[in-house]
């Protein structure tokens, strides 16, 4: 079945390992958001701020996604930046980010997303462009941003609005993860693994190729599932 699906996909110079990492990140994201939605409807009891596991879990997901962004930048724009594809990608990301902001402002005005994952990926991609040819500098700056954040739980609130957001991903320190991905691409990390015949790895690879569309639709679906479960199970 997996082979049949892959035959229908357009062939391109993609990295199987990169898609597998991205697909694994998507799986973790779905697990986290399902848990988050179940918690909203009091179907589970999770303290996402005080429980160390649930505090670290989403940050690992963001780290993996932004690390993949850096690898993708290196693959796509070495040895020279391809401005037209870059512009098209940024326009898509910015358009989708604005759509998410507008939709969440309408549906959840007290917690709308004013600078979420897609907003940050677009900005961090632009910020990382000058460092694409410089792997060692990317490594130094990336570690310089990420290590203090991990140790001190530092996340610069570079946009200040008088309310929490459903999804807030600051470019600092997360542009550091993009730079670490750039360094990894210079070491040709994406070539470590070729295509695999293992079912789960193939499934992750396919998931990674469609990460953006899954990102856009998964939360409304999961939220609806949690809502229906809540209707079926009365409060106690």
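Residue numbers (the numbering used here): 41 to 276. C-beta atoms are modelled at their ideal positions from N, C-alpha and C, and glycine is treated no differently.
Item, Value
"Separation of residue 229 from residue 269, as counted between CA atoms", "42 Å"
"Nearest neighbour of residue 160, chosen from 101, 191, 214, 221 [CA to CA]", "214"
"Boundaries of the alpha helix (DSSP H) in which residue 263 is found, first to last residue", "251 to 272"
"Contacting residues, own chain, Cβ-Cβ under 8 Å from residue 220 (five flanking each side not counted)", "107, 110, 178, 179, 182, 183, 186"
"Supposed close pair residue 72, residue 101 - CB separation, criterion 8 Å", "6 Å"
"6 Å CB neighbourhood of residue 158 in its chain, flanking five on each side removed", "133, 136, 137"
"Proximal residues to residue 83 (C-beta, below 8 Å), its chain only, five neighbours per side dropped", "266, 269, 270, 273"
"Residue 87, enclosing alpha helix (DSSP H) - first and last residue", "Looking at the DSSP string, residue 87 is not in any alpha helix (DSSP H), and its letter there is neither H nor E."
"The alpha helix (DSSP H) enclosing residue 62, as first and last residue numbers", "56 to 80"
"Span separating the alpha-carbon of residue 74 from that of residue 258", "9 Å"
"Simplified DSSP assignment, three categories, for residue 278", "There is simply no residue 278 to check, as the chain begins at 41 and stops at 276 in what is shown."
"Minimum C-alpha distance to residue 117 - residue among 156, 225, 70, 143", "225"
"Supposed contact pair residue 156 and residue 208 - C-beta distance, whole angstroms, cut 8 Å", "7 Å"
"Runs of alpha helix (DSSP H) lying entirely within the region 112 to 147, each at least 4 residues, in chain order", "123 to 147"
"Local Cβ density within 10 Å of residue 93, reported as buried at 16 or more and exposed below that", "exposed"
"Cα-Cα separation, residue 41 to residue 98", "Low local confidence applies: a pLDDT of 48 at residue 41 is under 50, so the model's placement there is unreliable, and no value is given."
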